[in-house]
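The sequence shown begins at 16 in our numbering and counts up by one. Glycine included, C-beta positions come from ideal geometry on N, C-alpha and C.
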Amino acid sequence: MSDNMPEKIFLNSGEATLECAASDDKSGLPRFKMPVAYSGQPMRVNAFFTPAVVDLAGLRIPSQRVPVRLDHDSMRGIGHTTSVKINDGVLSAEGVISRDTPEAREIFSAAKNGFPWQVSVGVGIERVEKIEKGSSVTVNGRTLSGPLNIVREGVLGELSFVDWGADMTTTATVAARNKNNHKEINMPDETKNEKTGGEVVNSHANPSEKMLADEVRVADELIARQREESVAEAERIESIRKLTGSRFPELYKKALTEKWTPTFTELQVLRATRENVSVVSSKEASASLSLEAAVAQACRLPNLEKHYEPQVLDAAHRKWKGNIGLSDLLLDAARGNSGFSGRARDTRELLHAAFPTPSARLEATGSFSNVDIGGILSNIANKFLLAAFTGVEQVWRDVARIRSVRDFKTITSYRLLMGGSYERVGAGGELRHGDLAEEAFTNRADTYGMMLTITRQDIINDDLGAISDVPRQIGREAGVTFNNVFWRTFLANGAFFTGDNLLASSPLSITTLATAETRFANRVDGRGKPVPVTPAILLVPVQLRMTAEQLFRSPELRDTTANRVFLTTNTMAGRFRPAVSSHLGNSAMSGFSATSWYLLAEPSDVAVIEAAFLNGNESPTIETAAADFNVLGIQMRGYHDFGIALQDVRGGLRANA
16 MSDNMPEKIF LNSGEATLEC AASDDKSGLP RFKMPVAYSG QPMRVNAFFT PAVVDLAGLR
76 IPSQRVPVRL DHDSMRGIGH TTSVKINDGV LSAEGVISRD TPEAREIFSA AKNGFPWQVS
136 VGVGIERVEK IEKGSSVTVN GRTLSGPLNI VREGVLGELS FVDWGADMTT TATVAARNKN
196 NHKEINMPDE TKNEKTGGEV VNSHANPSEK MLADEVRVAD ELIARQREES VAEAERIESI
256 RKLTGSRFPE LYKKALTEKW TPTFTELQVL RATRENVSVV SSKEASASLS LEAAVAQACR
316 LPNLEKHYEP QVLDAAHRKW KGNIGLSDLL LDAARGNSGF SGRARDTREL LHAAFPTPSA
376 RLEATGSFSN VDIGGILSNI ANKFLLAAFT GVEQVWRDVA RIRSVRDFKT ITSYRLLMGG
436 SYERVGAGGE LRHGDLAEEA FTNRADTYGM MLTITRQDII NDDLGAISDV PRQIGREAGV
496 TFNNVFWRTF LANGAFFTGD NLLASSPLSI TTLATAETRF ANRVDGRGKP VPVTPAILLV
556 PVQLRMTAEQ LFRSPELRDT TANRVFLTTN TMAGRFRPAV SSHLGNSAMS GFSATSWYLL
616 AEPSDVAVIE AAFLNGNESP TIETAAADFN VLGIQMRGYH DFGIALQDVR GGLRANA
């Protein structure tokens, strides 16, 4: 579990229905039913910025006797469940009020009076999957669209009575037992009440007991008012939710807290939308994009036209003429986001104003500014980082299979092995059965990263070059680290290339290359059948680059041994394309060799090594934020999520000189 992942979440089910009644068993304890304790649908919870949904298929229920509380407070116990079930993507439960606490008595007393209790589920989080915007996934029998957080694995910790859920239109259907006559009265089930002469009479009670009928009438009126208030509040909340949507979560929270009307909320949303526009029109670029382009121009980012539209570059040039400084950038963001009126030398105040929280930004300006300084710096930094990362040796791409993974768990790939073979079918037309076995290959992604800081001195000195220099350093270091991990894994192949997959005493030449090709073709599988894999790549250290290039490109070879000169046709010309890595023969690498070489199949066919990247991100990511309190500056952190592992030896052969 990552550091910023919550340990548990509480889901107030908007579809919950609660029933309470005196128990029919010998214990005499009041019982309750929760037909829909959790509906299986996404809900907004405090632990996540985007909606969350618990995958009930991965929800572990440790016991049928789950604690039941009031408002998730462990000190306010109510009772326990006797049955917890998951059916058709819905979590339901039944249980008894088994605790003798003030909260338990309050629950039962309120239930007698018809209070509309709802249910909230407390789930301990074990694994979360993030679904990005534009992607969809099927959970609990429903197809849902991102952005979304899916709790793929969790444990049911407790259930709670709550008085306010996600949908205020739902109320509890309550039944209680009358103390005096031990007859059941049902509230607020109106189908069991009959109106006679303007008075409400309970069909289960003694009609002669007018006092009981009056109590029922008063309770019905109270419940009716509660329903009206609940419906009105639910309609207000739903209107605000539709108006704010997912774009303005802070406005949504503020509107609920301060009891805004839908009309007032709509005015605030219109104002925020007008000031937060991020779409570049044909006439004017947004503030953030224009600032970003101005920084890119000042930092001399190559191929600017590939990164920004012409109107954006034009707007940036008209305002800054390619001379924007670091202090200009921070001052512009600070003034737009927080109304900052200080100087660039007031570093701490400047950074706090340039990097405000959304709530602080709304409080300071009355709206959400579109000057996202963190986004500007991150976007620029990622462009320089990518250029530096790809500037480091990329030979690994020629020899590795590349795959995407969704998490940091060990992944297993399988290769099916078929037993038996095609045989001539006899006159009876009977086909003989083959059999299948499998070989498994594993890999797992890890996170590699570092952090650097643009210092207070850089800001005071107005050193805009730091914005490009720091990410270049991070990008280059990411490339170096990736290559070190990749080639250390590849070179640790002493127990990998053995037997028919290893040639001894074979310095690279046309003769040994022909021998390697023959060995490649003569390998057999466990059934004694030829391995149907064709070599395509000649991987060599930089010390053998010239020999490899000659074997691939030269139509003829000249042998001048003992002063003899004659021409020989190069039968290997164009056969195996060279891949040259400086890591193979580098003495700093464990397992290095300046004379060993490899004949490999295309990695898309059979790969000897695999590179796995989290969510398919092959390049590192850089993020920017204001520094911590004890650091004066701007922090940039770069990280890269990947895993490297040897895979299928059938895809290669090693030759030692």
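- Per the Cβ contact rule, the region 50–57 is not in contact with the region 110–125 (fewer than 3 Cβ pairs under 8 Å).
- The C-beta separation of Gly658 from Asp461 comes to about 6 Å, placing the pair in contact by the 8 Å criterion.
- Among the bridge pairs identified by DSSP, Leu163 is matched with Ile146.
- Below 8 Å, too few C-beta pairs join the region 276–285 and the region 307–314 to call them touching: fewer than three.
- The C-alpha of Gly600 lies about 38 Å from the C-alpha of Lys321.
- By the CB criterion at 8 Å, Asn128 and Val143 fall outside the cutoff.
- Around the beta carbon of Asp103, fewer than 16 other beta carbons lie within 10 angstroms, which makes this residue exposed.
- Bounds of any beta strand (DSSP E) do not take in His87, whose DSSP letter is neither H nor E.
- By the 16-neighbour rule on beta-carbons within 10 angstroms, Met604 is buried.
- In the assembly as shown, Arg46 is a buried residue. Its beta-carbon has 16 or more other beta-carbons within 10 Å.
- Boundaries of the beta strand (DSSP E) around Ala670: Gly667 to Ala670.
- Nearest to Leu319 by alpha-carbon distance, out of Pro556, Lys398 and Gly464, is Lys398.
- The closest CA to that of Glu633, considering only Ala415, Ile76, Leu392 and Ala249, is found on Ala415.
- If you compare the alpha carbons of Thr496, Val136, Met90 and Val83 with that of Val60, the shortest gap goes to Val136.
- Excluding sequence positions up to five before and after Ala660, its CB lies within less than 6 Å of the CB of Asn458 and Glu625, all in the same chain and listed in chain order.
- Comparing alpha-carbon positions, the option among Val177, Leu71 and Pro66 lying closest to Ile93 turns out to be Val177.
- Unbroken beta strand (DSSP E) stretches of 3 residues or longer found wholly inside the region 592–617: 592–596 and 612–616, given in chain order.
- If the five residues before and after Glu141 are omitted, its C-beta is found closer than 6 Å to the C-beta atoms of Glu168 and Gly169, all from its own chain and listed in chain order.
- Apart from sequence neighbours up to five positions away, the residues of its chain that approach Glu147 with a beta-carbon distance below 7 Å are Gly161 and Pro162, ordered along the chain.
- Per DSSP, Glu492 has no beta bridge partner at all.
- Inter-segment contact for the region 522–530 and the region 555–574 is present: three or more beta-carbon pairs are separated by less than 8 Å.
- Apart from the 5 residues on each side of it in sequence, Gly667 sits with its Cβ closer than 6 Å to the Cβ of Tyr613, Leu615 and Val623 in its chain, given in chain order.
- When rounded, the separation of the alpha-carbon atoms in Ala455 and Asp540 is 16 Å.
- Each residue's CA atom was taken as its position, placing Asp477 and Gly149 some 40 Å apart.
- In terms of CA proximity to Thr583, Pro570 leads the group Pro570, Ala594, Met90 and Leu401.
- By the neighbour-count definition (other C-beta atoms within 10 Å, threshold 16), Gly589 is an exposed residue.
- Closest option to Asn155, judged by alpha-carbon separation, among Thr496, Met90, Lys48 and Val69: Val69.
- By the C-beta criterion, the region 335–353 is judged not to be in contact with the region 512–522, since fewer than 3 inter-stretch pairs fall below 8 Å.
- Residue pairing by DSSP places Arg418 opposite Ala627 in a beta bridge.
- Excluding residues up to 5 positions away in sequence, Pro522 and Thr610 lie with their Cβ nearer than 6 Å to the Cβ of Ala672 in the same chain.
- In the displayed model, Gly73 falls within a helix according to three-state DSSP.
- Take Gly337, set aside five residues on each side of it, and the residues of its chain with a beta-carbon closer than 8 Å to its own are Ala309, Gln312 and Ala313, in chain order.
- DSSP, reduced to helix, strand and coil, places Asn499 within a helical segment of the structure shown.
- The beta carbons of Ile474 and Thr362 sit closer together than 8 Å.
- Within the region 251–332, the runs of alpha helix (DSSP H) at least 4 residues long that lie entirely inside it are, in chain order, 264–272, 277–290, 302–313 and 319–322.
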